[in-house]
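Take the sequence shown: its letters are residues 1 to 533, numbered as in full-length UniProt numbering. Don't be surprised by glycine CBs; every beta carbon is placed ideally from N, CA and C. Here's the structure we're looking at; comments come further down.
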Amino acid sequence: MLRNALVSYIETLNERQFDIPLLCILLKNGFHDIHFTHGAYEFGKDFIAKKIEGEKTVQYVFQSKGGNIGLADWGQIRWQIEEARINPLSHPSFDEELEREIILITTGRLVGGATVSAQQYNDRCKSEGKIGFKVWDIDTLIEMMLTGGISPLGLIEETPDLLQLLSKLKKNESNFKELEQYSRRWIDKCLSKDKRSFLGVILESTLFTHELINTNRLAMATYVSLFPVRAMVHALHDIGSLPKWSEDCLRLAEDHFMVNALKFIEPIRQSYREDESVFYQHTRGVLSFIAYPVICSQLMEVLGLLGLLQIKRQEVSVAEETADILETLINNNSGFFSPISDKYAVSIVSSSLLLKAFNRIDAYTLLIRKVSVWICNRYELSEAGLASPYSNEEEEIKTLLGYAHDFIDLPRRRESYVATIVIDLSALYELKQLYEDVVNDIQAVAAYPCNVEVNNTLGQYVIDGDAIYASVVRFKDKLTIGENWRVGNRQEESNESFCYENSLWWELISTSSVVRDRHFINDLRKIIKNELA
Numbered sequence: 001m002l003r004n005a006l007v008s009y010i011e012t013l014n015e016r017q018f019d020i021p022l023l024c025i026l027l028k029n030g031f032h033d034i035h036f037t038h039g040a041y042e043f044g045k046d047f048i049a050k051k052i053e054g055e056k057t058v059q060y061v062f063q064s065k066g067g068n069i070g071l072a073d074w075g076q077i078r079w080q081i082e083e084a085r086i087n088p089l090s091h092p093s094f095d096e097e098l099e100r101e102i103i104l105i106t107t108g109r110l111v112g113g114a115t116v117s118a119q120q121y122n123d124r125c126k127s128e129g130k131i132g133f134k135v136w137d138i139d140t141l142i143e144m145m146l147t148g149g150i151s152p153l154g155l156i157e158e159t160p161d162l163l164q165l166l167s168k169l170k171k172n173e174s175n176f177k178e179l180e181q182y183s184r185r186w187i188d189k190c191l192s193k194d195k196r197s198f199l200g201v202i203l204e205s206t207l208f209t210h211e212l213i214n215t216n217r218l219a220m221a222t223y224v225s226l227f228p229v230r231a232m233v234h235a236l237h238d239i240g241s242l243p244k245w246s247e248d249c250l251r252l253a254e255d256h257f258m259v260n261a262l263k264f265i266e267p268i269r270q271s272y273r274e275d276e277s278v279f280y281q282h283t284r285g286v287l288s289f290i291a292y293p294v295i296c297s298q299l300m301e302v303l304g305l306l307g308l309l310q311i312k313r314q315e316v317s318v319a320e321e322t323a324d325i326l327e328t329l330i331n332n333n334s335g336f337f338s339p340i341s342d343k344y345a346v347s348i349v350s351s352s353l354l355l356k357a358f359n360r361i362d363a364y365t366l367l368i369r370k371v372s373v374w375i376c377n378r379y380e381l382s383e384a385g386l387a388s389p390y391s392n393e394e395e396e397i398k399t400l401l402g403y404a405h406d407f408i409d410l411p412r413r414r415e416s417y418v419a420t421i422v423i424d425l426s427a428l429y430e431l432k433q434l435y436e437d438v439v440n441d442i443q444a445v446a447a448y449p450c451n452v453e454v455n456n457t458l459g460q461y462v463i464d465g466d467a468i469y470a471s472v473v474r475f476k477d478k479l480t481i482g483e484n485w486r487v488g489n490r491q492e493e494s495n496e497s498f499c500y501e502n503s504l505w506w507e508l509i510s511t512s513s514v515v516r517d518r519h520f521i522n523d524l525r526k527i528i529k530n531e532l533a
């Protein structure tokens, strides 16, 4: 069953979509020093890698092709292979002194006359004492992926739960809550603390994101690409110095997020300077007035995470372009100021951090102020407030709209995680007057700021983990710059942070986007001061 699912998956991939699965295979099989010689993620171009085989290091050159290769295609590919055989590549990491291997990779198969022609060409090269080539077709690639295939230990193991979830994804029947719960299996898998398990969860996540993209759920695909990051950081916690292979796996997981994030924001990036009508194509239907603020929250969260990752990778000019998009959207769209539940509280964190990094004071001040007004109006209007971070879509909509209907019975909820976020961010960004106004207004409508406080333990990465303290957060009425603004906050008592000390600050922020009920005050202080200055 899983083999059939993988065949269907690989056969439908376009050129770029196969890059992440292929890198999982290469890293798992011991390849290193991998470089795309014509730019990252340009499938169909040359790329190179090395591998230690016995006592020697072999220089590999790969040619890749999407889909089946017929005789006409083979005629073009043959010259590319000829070039790889004869000419040393210009990339600085290519070592022309090493023994060379040429691999042709295809997500399909050699078909028709290409099969015989390729075999004849390979035999002639070898008979003349020249470098030949090997073919990795779809059958070879699947065997490399599956546990029990030609590799002693594959990357993915067939389980009923995996097949069931893939089936539900194809039918567009899954939601964030269900996917997050499934991803906790990846946490358990990564506890073996080996490269195979880390790459396995990345590869498994690509199956999920592919199905989500096929059903036009681009935002959900982007969130799912964060789940392997959470699992890996959880496994690495307190491991000491991070092994090199773990850094490679984390970067690959970040790459997967970046690919999905760019795909999600692409339609908006083409027209983000327009007014609110830019969102109409995404928010049609009876519930468009709900879909609009949801997409705005998701979009600003993804833009924030994307820009912060670009900063971490020292792609500052690209990150500034991302901040420009975010700032323009916030200035032109009211949907960014009305999160429909506490699930979208963390959306404000990553987005405002990116704006803070480029000193967009007016934009992040506007965001915090208007979200604060929304919360106060909302909690003054309805005793039910907003749904919790753990709510599903039905619960969010019922809580948002049910107050106007007597036949809908809603529990009283005065807790507000969004309130906690806007107060904390006002203090973190040293917006003294705004902080004091927001604290006063939140108190006036009897909303109770709350969040989950965690220690520097494994519990910080999981919902309902150990060493987690749910609390109602109390704030000082006045903000004194340089002093704590929370009253009796355990989180402020500890300065230790595994993630920050190991340069995993982006990974920690992305964890908030997975669990959605916490942010990390001490770490955010350090990030603002040292990473985003």
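- The alpha helix (DSSP H) runs of length 4 or more contained entirely in the stretch 134 to 206 are, from start to end of the chain, 138 to 145, 160 to 170, 176 to 190.
- The beta carbon of glutamate 393 sits closer than 8 Å to the beta carbons of Asn175 from its chain, once the five residues preceding and following it are set aside; these are given in chain order.
- Here DSSP, grouped into helix, strand and coil, assigns valine 445 to coil.
- In this chain, the alpha helix (DSSP H) harbouring glutamate 254 covers 244 to 269.
- Judged by DSSP secondary structure, glutamate 483 falls outside any beta strand (DSSP E); it is assigned neither H nor E.
- The distance from the Cβ of glycine 67 to that of glycine 132 is about 23 Å, inconsistent with a contact at the 8 Å cut-off.
- By the neighbour-count definition (other C-beta atoms within 10 Å, threshold 16), glycine 54 is an exposed residue.
- The continuous stretches of alpha helix (DSSP H) do not include isoleucine 52, which lies in the beta strand (DSSP E) extending over residues 47 to 53.
- Runs of alpha helix (DSSP H) with 4 or more residues, each lying fully within the stretch 404 to 470, are found at 417 to 428, 432 to 444, listed in chain order.
- Secondary structure in the stretch 96 to 128: the alpha helix (DSSP H) runs of 4 residues or longer, each lying completely within the stretch, are 113 to 127 in chain order.
- Per DSSP, histidine 237 lies in no beta strand (DSSP E) and is assigned neither H nor E.
- With fewer than 16 other beta carbons inside 10 angstroms of its own, serine 241 counts as exposed.
- Within the same chain, Cβ atoms closer than 7 Å to the Cβ of serine 426 are found at Ile368, Leu434, Tyr435, Val438, the five residues on either side in sequence being excluded.
- Residue pairing by DSSP places histidine 32 opposite Lys50 in a beta bridge.
- In the three-state scheme derived from DSSP, where H, G and I count as helix and E and B as strand, alanine 387 is classed as strand.
- Relative to glycine 200, the option among Ile239, Pro160, Glu178, Cys249 whose CA is nearest is Cys249.
- Residue pairing by DSSP places lysine 56 opposite Glu53 in a beta bridge.
- Nearest neighbour of phenylalanine 336 by Cα position, chosen from Ser372, Asn122, Leu308, Lys312, turns out to be Ser372.
- In the DSSP assignment, the residues bridged to serine 64 are Ile105.
- Around the beta carbon of valine 454, 16 or more other beta carbons sit within 10 angstroms, so the residue counts as buried.
- When DSSP states are grouped into helix, strand and coil, isoleucine 340 belongs to the coil group.
- Between the alpha carbons of glycine 112 and glycine 70 lies a distance of about 6 Å.
- By the CB criterion at 8 Å, serine 341 and serine 391 fall inside the cutoff.
- Going by C-alpha positions, phenylalanine 198 is about 10 Å away from valine 233.
- Under the three-state reduction of DSSP output, valine 473 falls in the coil class, being neither helix nor strand.
- By the neighbour-count criterion, in which a residue is buried when 16 or more other Cβ atoms sit within 10 angstroms of its Cβ, glutamate 96 is exposed.
- In summary, histidine 519 is buried, with 16 or more beta-carbon neighbours lying within 10 Å of its beta-carbon over all protein chains present.
- Partner residues in a beta bridge of isoleucine 81, as assigned by DSSP, do not exist.
- Going by C-alpha positions, leucine 329 is about 12 Å away from isoleucine 265.
- Alanine 253 places its beta carbon less than 8 Å from that of isoleucine 202.
- Linking serine 127 to glutamate 143 through their CA atoms gives a straight-line distance of about 29 Å.
- In the three-state scheme derived from DSSP, where H, G and I count as helix and E and B as strand, isoleucine 131 is classed as coil.
- Positions of the alpha helix (DSSP H) runs, each at least 4 residues long and wholly inside the stretch 296 to 371, are given as 316 to 332, 347 to 357 in order along the chain.
- Within the same chain, Cβ atoms closer than 6 Å to the Cβ of alanine 221 are found at Thr209, Leu212, Ile213, Asn260, the five residues on either side in sequence being excluded.
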